[in-house]
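Report on the structure given below.
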Amino acid sequence: MIQKIFSYLIPIKIFKKKSARSKVIEVTWANGELVLDSENTNYSYGSLQRILRYGLRNIGYETILKMEHILLLGVAGGSVIKTLVDEVEYKGKITGVEIDPDMIQIANQYFNLDQIKQLEIIIDDAFEFVLKTKDKYDLIIIDVFEDIKMPNFLFESFFANRVFSLLKNKGVVLFNTMILDEAHNVRNRKYISEINSKLFSSKMLPRVEVHNELIIIEKVA
């Protein structure tokens, strides 16, 4: 495809849409791959896929392969789902929760998300879903952004404790956060400090991208 070849020289935008939730959504050929971007940041594939792949590798592909059910809060274009299915070769159930129906429509059209049989997509607010779900999960991936902003509720202890309560024994949370200033550094450290160290182990991974910091929390009891 000529657009793919030329994208190694210059990004080629092939789709742009205004969304009520995400303002602007763009699909672009960049360095030979399709990526999904919001107005100011990469939403799926590209750098975001590298970040979450790094987190999954840290958890361990062998560990993930033994899991039965993975929950993804914040689907966007579904790059982490593609990593799980195509690279990890994960065969268990994946539930993806995405607030923006426009995003899922684009993910299906350009990234074939609707062809993944083990995937269930639920259009809902992550906060609301976490309160309602009766399931337990082996891995919960939190990747919720509104452009470059992260909703405050993600860092509140009420939400964090509810997420942790949905983990099976030895279950893991992979939390992708964005650091744009010192206040965000303080926020992340406060979040870590409030985790019950008797029940959970937690660590922050060295950054692979300048503004993203991954937090991994594992249920040990």
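In our numbering, the protein residues as written are 29 to 249. Glycine included, each C-beta is placed from N, C-alpha and C at the ideal position. Bear in mind that the values here come from a model prediction, so they are computed numbers and not experimental data.
In the three-state reduction of the DSSP assignment, F173 falls in the coil class.
Contact between L242 and G105 is ruled out by a C-beta separation of about 19 Å, above the 8 Å threshold.
With a cutoff of 8 Å on beta-carbon distance, V113 and I132 are scored as not near each other. Look at the region 190 to 234 and you find these whole runs of beta strand (DSSP E), each 3 residues long or longer: 195 to 206 and 228 to 232.
A direct Cα-to-Cα measurement between N224 and V201 gives close to 14 Å.
Secondary structure of L37 (DSSP, three-state): coil. Each residue's CA atom was taken as its position, placing G124 and Q31 some 30 Å apart. Of the candidates N216, A135 and Q146, N216 places its Cα closest to the Cα of L233. A straight line joining the alpha-carbon of K198 with that of D166 spans about 7 Å. Per DSSP, reduced to three states, the secondary structure at E115 is helical. One alpha carbon belongs to N180, the other to V214, and they sit about 14 Å apart. About 5 Å separates the Cβ atoms of Y219 and F183, confirming a contact at the 8 Å cut-off. In the three-state scheme derived from DSSP, where H, G and I count as helix and E and B as strand, K32 is classed as helix. For D152, no alpha helix (DSSP H) encloses it, and the DSSP letter there is neither H nor E. Here E156 carries a helix assignment [DSSP, helix/strand/coil].
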